[in-house]
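Residue numbers (my numbering), protein chains in the order written: chain A, 696 to 1277; chain Z, 696 to 1277.
C-beta: ideal position from N, C-alpha, C; glycine also.
Note that this is a predicted model, so its numbers are computed, not measured.
Data block below; observations after.
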C-alpha cells in the first residue's frame, strides 16, 4: 500500500524545510483569526448553537489537511452549505434543538459517505451535472437568500421561520415597524466598516507603501479586527444591556464529544436528496477553488482524491458535532496568500481552534449578532455575479436563461429545489440542442475535391446522388432527427438512387445512432435507394465494425473520402446539374 | 387557418378514388376482427371490465384517424400501456371498481394533456430520453411481465394481486397445486394453435398457392378465428359449466356514456409519473411503427403532429370510458397490408366496433378467459428480443448493460420504475462517456502539413510547443476533463511556452466549455504559457466571437490551421525534436 498516494500530505512533506514551516505557521494563525467569527456566523446560519461552528472547524480541517490533494485549500464551514443545511433540517426538527443538532451530524455523515463512495468509485464526473450557468445561477441565488436571512439581525427583529425565501421577504416587510433602531445603527456602521475594509483599505495601504500582497492580507483580516472591536465595545460599555443589542451570549466551552449521530431510516431517506445536493455543490466549489490555487504553482488537483478527502472531512464532522463542510473560497485564498505550503497549515489551524474552544469561548459572549450578520452579508455579496448573466445571455440566450431560471428557482423554491431544477433544466436544454444537429446537403466545389454546403456555395451536384454531411455525434438524442432530416432531404431530390452520409463531424456513435442508421438503410432500400457512408473517423469505424454494420450496409459502401464516393457512384448516371448559391 | 395542416386526413383525401375506398373498407373490416378480442384482453390486463376495451377502441380510433400524420397507423389499446395502466392504478383503487375505472379515464386524460402540450410546444425531442437500448430492454422486460400476468389464466388459478412482478412469480408458484387441469389443457391447445397460426400456417398457405401478402393476412387473422371457434365450442357444448372453464360472461352492451373523469388534485399528482412514462413509451412506439409503415410508400411522419394526434385520441378516450391508447405494432401492419390508404380505415373500424358494442356483446359471454390469455401471450412473445441484447453487448458493453439493467429494473421494480431507471441510467452512461473524450497530443508528419497522434505515428514535435487535438464538443459534461487533461499534458512537457488546442473535432461549445477555456487560459498565463486555438469550425467560431473570447485569449491567437500555428510559434524557438511511435 502506497501511503503517499492515500495520504497526500506525506508526499507534500518530502523535502519540507524551515521556510515551509514558517509559511504554514503564519498561514495557520491568519486562517484561525478569520475562521473563528466565520464559523460562529455560519453555525447560526445553519440554525445551530454557535459552538458547533467551532466543532466543525476542528476535526474536518485536520482530516482534509491530511488527505486533500490541494495543498492550500481551507476546508470548513461555508455560507452556502450552512444555508443548505438549514433548509434541509428546518422541516424535520425545531431549529437549535438537540434533535436538530443530531440531524445536522447525520447530514454531515451522509454527505461524507456519498462523497467517499463517489471518490472510491472514481465517479467525479457526476459533478458535470452542474453546468457552469447552473453553478453561477445557484451561487448568485443562494447568496441573495443568505443576505435575506441575515436582514432580521440587521433590523433587530424576530420573524417567523419560513420555508421559502420569498416568505422570508414577506415576513421581513411585515416586521419592519418593529425595527430596533440601535441595532440597525450598529448594523449600518458594521456594514460600512466592512465594505471600507475591502478595496478602499487595500488601496490605502498600498498607497502608504505596503506591498500588494500584504495590503490584501490586511484587508482580508480587517473583518476579524472589526468583530474583536465590537466585542470589546459591547463588553466594556455594556451596550447589550444599555442599548438592547442582541449578543451571542455564553456558550459551553470545551472540545466536542466524539459520538455517532443517531441513525434512523426515516431521517436518512428524508435527508438523502439534500445530502446529494450538498455533495455536488460542495465538491464543485472545492475543486474549482483548489484548481485556481494549484494552477498558481503548477500543482495538480486529483478530483477523485478531493471527493475522498471531502468525504472523510465530513465523516469526521459527523462524529464530532459538525455539519457539512467544504472548501471555502475567501479563506483558501487567505491561506494561500499568507504563505501556506502544505496541509500542515490546516492541521495547525485546527489545533488553534481547538485551543480557542477549550479556553477562550467566554470572550465571545459579548459578540453582537448584528456584527456577525454584517460580516456574512459582506462576505457573500461578493459572490453575486449579475455580469455573468449578461455575458451568458450574449453568448447564447439559452445559457443565460438557464442561469436566470436556476437563480429564480433558488429564490422561489429554496436551495435544494434550485439545484435540482438547474440539473434538470441543463439536461433538458442539452437534449433539446443536441437533438437538432447541424446538417448540410453538400456539392463539389468545381475543379477541387472539396465539398461544401449547397446553400452557401456555388457547387456541382448530381441528380442521382444525395450528399449529406452531419456535424454532430450520432447518439440517442439526435438519432431520430438525423433519420427524419435525411428522409426530408431525399424527398426534395426524388431522383436520387444513392445517399452518402458524410461523417467527418461524427466523433462517436452509440447504439441508438447505429439503430437509426440500420432503420434508415432498410427504409431507403424499400424505395430502391442505397445508403453509403464516407469520411468515417477511426473510433466510429471501429464501433461500426464491432456491430457488423458494414455487412448490413451492403450493397451500400463505406468510402474513405466523399470524392471517392462521387467517383464510384456518379458513373452510374452521368447527368450533371449545378446548384446556385441560395 | 390551414385545415389540411391541422387535420391531416383532409390532405390525405385529396384525389381519393374508388381503389382507395375499397382498400380502406377491407382494412377496416380486418382490423375490427383483430381488434375485438385484443381490446377485451387488454382491458382485462389493465384491470378493467371487458367492455372498456371496446370503449377505448371507438372514439380514440376515430380521432387518430382524423389527426394522425401516419395514414395507416392503428391506434387503440396496446399490451404495454394496458400493463402500465394496471401498475399505476392498482395502488390507488380496487381492481375493476368504479373508482378504478374513473382513475383509468383520468390517466388517459393526463396522457392526452401532456402529449398535446408537448406536441403544441413542438417538444417531440423529449422522446430522445428513451435511448434504443432502454426501449429494447423495456419492451422485452414488460413483455415478460405481461406473460407472467397471464399465466394465472392458463393455470386456471386465482392469485393475490402483487405490486412487483417477482411477487407475481412467487404467488404463481404457491398457487401451482391448485392448477385447474381442464383450463390448462384448453390453454395448451389454444397456445399450440396460435403458434401454428403464425409462420407454419403462412408457409403452408404459400405452398398451396396463396400470394405471400394474402398468406400473411390469413395468418394474422387466425387468432380471431380461434377466438370465435372457442366461443362457439364453449357455447354449444357448455364447457363453462361442464368443465369449469372460466368465461368472460355477460357484460353490458351499448355505447360508452360521454362524461368527464372525476378530477382530484391528489389523484392527478399520484398519476403524473405514470402518465409521463406512458406518454414517452406510447409516443416512441407509435412513431417507430408509423415511420416503418410510412417508409414503405415514402410517406413522412411529423413527430409533433403525432404527439398532437395521440394526445387528442387519449383525451377522446378520457371522456368516453377509455384508458391510455397508442399505435399498435401488429395491428398497424395488418391495417397496412390489408390495403388501408388513409385514416378513413380507422374511422370505419371505429364505427364497426361501435356497432358490435351496440348489438353483439352477447356473443362474447362464452369467450373463455384462458383463450384470451393465450392470444395475449402469443402476441407479446414476439416482442421479446434477447438477440438484441447480445448484439448490443458486442457493439459496446455499456449499451448491452443498459438494455439488461432496464429489463431487470422492469422485472424487479415494475414498469414505471423500469422506464425511470432506464432514462436515468442512459443519461448517466452518456455523461460518464462524454466526460472522458478522446484527446491526443499531435506532431507533424515530416514533409507534410498533416498532424497526427504522437503515440501512433512517427512525427515531428517542438519542445516549446504543445499541440493537443480534442475529438469532442466542449460542453458541461467534459469541460473539466479537457482542462485537467491539458494541464497533465503540459506537466509532461515542461518546456512548452505555447499550447495549441486543435478544435477540428469540436462541433459545438457551450457556456461551460467556454468557461473552462477561459480558466485554462488564465491558469496557463500564470505560468507564462500562452493558449492558442486552431482549426475552429464555423459555429464554434461564431459562438466564441459572440462571447468576446478572441479578445480574452490575447496574446493567444486563433489560427486557421495547425500548420499556420506551428509556422507562427516555432520561430520563437528553433530547437526541434522528434518523437518515436510508441
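Under 6 Å Cβ to Cβ from residue 1010 of chain Z, same chain only, skipping five residues before and after it: list those, please. Correct list, in chain order: 807.
Have a look at the DSSP bridge pairing and note the partners of residue 1063 of chain Z. BP columns for residue 1063 of chain Z point to Z/942.
Environment of residue 1139 of chain Z [buried if 16+ CB atoms lie within 10 Å]: Answer is buried; the Cβ neighbour count reaches 16.
Burial state of residue 1186 of chain Z (16 or more Cβ within 10 Å): Exposed is the call here.
Where does residue 1168 of chain Z land, buried or exposed, given buried means 16+ other C-beta within 10 angstroms? Counting Cβ neighbours within 10 Å, residue 1168 of chain Z comes out buried, since at least 16 surround it.
Taking the C-alpha atoms as reference points, what is the distance between residue 910 of chain Z and residue 896 of chain Z? Spanning the two alpha carbons is a distance of roughly 8 Å.
Among Z/1236, Z/1172, Z/1237 and Z/1227, nearest to residue 1259 of chain Z - alpha-carbon criterion: Nearest option by C-alpha distance: Z/1227.
For a test of the three-state rule: what should DSSP assign to residue 953 of chain A, helix, strand or coil? Looking at residue 953 of chain A - three-state DSSP - the assignment turns out to be coil, as it is neither helix nor strand.
What's the C-alpha gap between residue 841 of chain Z and residue 778 of chain Z? One C-alpha to the other measures close to 7 Å.
DSSP beta-bridge partners for residue 1344 of chain Z? Outside the shown range of chain Z (696 to 1277) lies residue 1344 of chain Z, about which nothing can therefore be said.
Residue 1100 of chain A to residue 874 of chain A span [Cα, whole Å]: If you draw a straight line from the Cα of residue 1100 of chain A to the Cα of residue 874 of chain A, it is about 33 Å long.
Residue-level contact to chain A via CB, residue 1000 of chain Z, 8 Å cutoff: Closer than 8 Å: no.
Measure from the C-beta of residue 1133 of chain A to each C-beta in chain Z and report whether the shortest distance is under 8 Å. So yes, residue 1133 of chain A belongs to the interface.
Hey, is residue 925 of chain Z's beta-carbon within less than 8 Å of any beta-carbon in chain A? No, no contact with chain A.
Would you list the one or two residues that DSSP bridges to residue 1148 of chain Z? Looking at the DSSP assignment, residue 1148 of chain Z forms a beta bridge with Z/1137.
Residues of chain A with CB closer than 9 Å to the CB of residue 875 of chain Z, please, in chain order. Per Cβ cutoff of 9 Å: no residues; residue 875 of chain Z is ~43 Å from chain A at best.
Going along the chain, which residues of the stretch 1073-1092 of chain A sit with their C-beta nearer than 8 Å to a C-beta in chain Z? Result list: 1086, 1087, 1089, 1090 and 1091.
Using the beta-carbon of each residue, which ones in chain Z are nearer than 7 Å to residue 1207 of chain A? Those within 7 Å of residue 1207 of chain A in chain Z are 826 and 827.
Please state if the CB of residue 799 of chain A and the CB of residue 811 of chain A are separated by a distance shorter than 8 Å. The criterion of a C-beta distance shorter than 8 Å is not satisfied by residue 811 of chain A and residue 799 of chain A.
Below 8 Å between beta carbons: does that hold for residue 1176 of chain A and residue 1131 of chain A? The answer is yes: Cβ separation under 8 Å.
Using a C-beta to C-beta distance shorter than 8 Å, which residues of chain A count as neighbours of residue 1175 of chain Z? Chain-order list of chain A residues neighbouring residue 1175 of chain Z: 822, 823, 982 and 998, by C-beta distance under 8 Å.
Just how far apart, CA to CA, sit residue 1251 of chain A and residue 1184 of chain A? If you draw a straight line from the Cα of residue 1251 of chain A to the Cα of residue 1184 of chain A, it is about 18 Å long.
If the cut-off is 9 Å on Cβ atoms, which residues from the stretch 1154-1176 of chain Z count as contacting chain B, listed in chain order? Chain labels in this structure do not include chain B; the protein chains are A and Z.
CB contact check: residue 700 of chain A to chain Z, cutoff 8 Å: No, because no Cβ of chain Z sits closer than 8 Å to the Cβ of residue 700 of chain A.
Which residues, in chain order, does the stretch 769-795 of chain A contribute to contact with chain Z at a C-beta distance below 9 Å? For chain Z, none of the residues of the stretch 769-795 of chain A brings a beta carbon within less than 9 Å of one of its beta carbons.
Leaving out the 5 sequence neighbours to the left and right, which residues in its chain are closer than 7 Å to residue 1014 of chain A when beta-carbon positions are compared? 953, 954 and 955.
Name the two residues that bound the continuous alpha helix (DSSP H) containing residue 716 of chain Z. It spans 713-740 - the alpha helix (DSSP H) in which residue 716 of chain Z sits, taken as one unbroken run.
Which bits of chain A does residue 991 of chain Z rub up against, with CB to CB less than 7 Å? Going along chain A in sequence order, the residues near residue 991 of chain Z (Cβ under 7 Å) are 1221.
For residue 1030 of chain Z, decide whether its Cβ has a neighbour in chain A, counting only Cβ atoms nearer than 8 Å. Judged by the 8 Å Cβ criterion, residue 1030 of chain Z is not in contact with chain A.
Verify the CB distance criterion: does residue 906 of chain Z have a CB-CB separation below 8 Å to chain A? Judged by the 8 Å Cβ criterion, residue 906 of chain Z is not in contact with chain A.
Proximity winner among Z/1193, Z/1165, Z/1214 and Z/1181, relative to residue 1202 of chain Z (alpha-carbon distances): If we check each option's Cα against that of residue 1202 of chain Z, Z/1165 comes out closest.
Mind listing the chain Z neighbours of residue 1122 of chain A? Cutoff is C-beta to C-beta under 7 Å, in chain order. Listed along chain Z, the residues sitting closer than 7 Å to residue 1122 of chain A by beta-carbon distance are 1122.
Anticipated Cβ contact below 8 Å, residue 726 of chain Z with residue 1044 of chain Z, distance rounded: A Cβ-Cβ distance of about 5 Å is found for the pair residue 726 of chain Z and residue 1044 of chain Z, placing them in contact under the 8 Å criterion.
Same chain, Cβ closer than 7 Å to residue 917 of chain Z, neighbours up to 5 away in sequence not counted: Excluding residues within five positions, the ones whose Cβ falls inside 7 Å are 892 and 896.
For residue 732 of chain Z and residue 922 of chain Z, what's the separation of their Cα atoms in angstroms? Pairing residue 732 of chain Z with residue 922 of chain Z, the inter-Cα distance amounts to about 7 Å.
In the DSSP assignment, find the beta strand (DSSP E) that holds residue 892 of chain A and state where it starts and stops. Boundaries cannot be given for residue 892 of chain A, as no beta strand (DSSP E) includes it and DSSP labels it neither H nor E.
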